[in-house]
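Structure first, then comments.
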Amino acid sequence: DFFSAGTDSTAVATDWALAELINNPRVLQKAREEVESVVGKDRLVDEADIQNLPYIRAVVKETFRMHPPLPVVKRKCTEECEINGYVIPEGALILFNVWAVGRDPKYWDRPAEFRPERFLENGGEGDVGPIDLRGQHFQLLPFGSGRRMCPGVNLATSGMATFLASVIQCFDLQVVGPNGQILKGNDAKVSMEERPGLTVPREHHLLCVPHARTSVAAKLLSS
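Heads up: take any position in the sequence shown, counting from 1, add 16, and you land on this note's numbering.
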C-alpha cells in the first residue's frame, strides 16, 4: 500500500506539473531562469539545490493546489461535535473535498490560473511564503493533516521539485499531436481534462519529444 500510494500519486502530480509548465510558457521561462541563475549550466541540479530554488518549490505547491493527487481526504469523528449548526455524531465518516478547497475563490485569488507567485513573498519575487503543504493551513491539504497525514510529504515534494528542475534545466519539450506531428505556437498545448479515479490523473497521456537544450546538457546527461 505504501509503495503504490507513493509512486502513483507522485507520478500523477508530476504529470500535471509538466502539463501546466508546457501550457504556461511564462512560468516555465521564469523557472528556467531561476535554475540557471542558481545552478548554472555546468552541472545538473541536485536535491541540495532545491532549498535555493523558491520558484521551483512554488511550482510544486501550485501543482498540488490545483491538482491534488488525492482529491478527497477522509477522517472519522472521535466524538460528537457541532459545526455551523450541524451536529456531527461520534463515529461519522467525514470527507474533505481537497480539490474544491484548492480552487475556492474565498481562499485563492484567481484560482483557475496556474500562478506559482501566489506562494512567494514580496509580490511573487521573494522566498516561499508561510503557506505550507503539511496540514497547517487548511486551504491547502493535498497530504491531509494531523497525525494521519501522508508520511511521504517530504519525499514527494523534494523528489518532484528535483525532477522538475532537472527537466527544465536540460530539455525543451515539444508537444506531439494525435497524428504524431510536432505542434507549434498556440497549438502546442496539452489537454487538461481529468480522468475520474482515486488519484485523478489526466485524461490523456502526455506526449512530447524532449530535446537537449544545449550540448552541455546533452553531455551531462550522457556522463
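Here a beta-carbon is modelled for each residue, glycine too, at the ideal position from N, C-alpha and C.
Just so we're clear, the structure is a prediction, and the values are computed from it rather than from any experiment.
- Rounded to whole angstroms, the separation of the alpha carbons of Gly145 and Leu136 is 5 Å.
- Under the three-state reduction of DSSP, Val216 is assigned to coil, being neither helix nor strand.
- At the C-beta level, Val61 and Ser182 come within 8 Å of one another.
- With fewer than three CB-CB distances shorter than 8 Å, the region 44-56 does not count as touching the region 112-122.
- For Pro158 and Gln197, the gap between their C-alpha atoms comes out near 36 Å.
- Counting only the Cα atoms, Asp143 lies some 28 Å from Arg163.
- The beta carbons of Ile184 and Ala47 sit about 5 Å from each other, so the pair counts as a contact at 8 Å.
- Taking the CA atoms as reference points, Ala172 sits about 21 Å from Glu210.
- Arg126 counts as exposed, since fewer than 16 other beta carbons sit within 10 angstroms of its beta carbon.
- Of the candidates Val206, Phe80, Val169 and Leu214, Val206 places its Cα closest to the Cα of Asn40.
- Within the DSSP secondary-structure output, Gln190 pairs in a beta bridge with Val225.
- Runs of the alpha helix (DSSP H) lying entirely within the region 58-126 and spanning at least 4 residues, in chain order: 70-82 and 114-117.
- The region 76-93 makes contact with the region 108-117; the number of CB pairs closer than 8 Å reaches 3 or more.
- Apart from sequence neighbours up to five positions away, the residues of its chain that approach Thr30 with a beta-carbon distance below 8 Å are Met176, Phe179 and Leu180, ordered along the chain.
- Secondary structure of Glu210 (DSSP, three-state): strand.
- In the assembly as shown, Arg81 is a buried residue. Its beta-carbon has 16 or more other beta-carbons within 10 Å.
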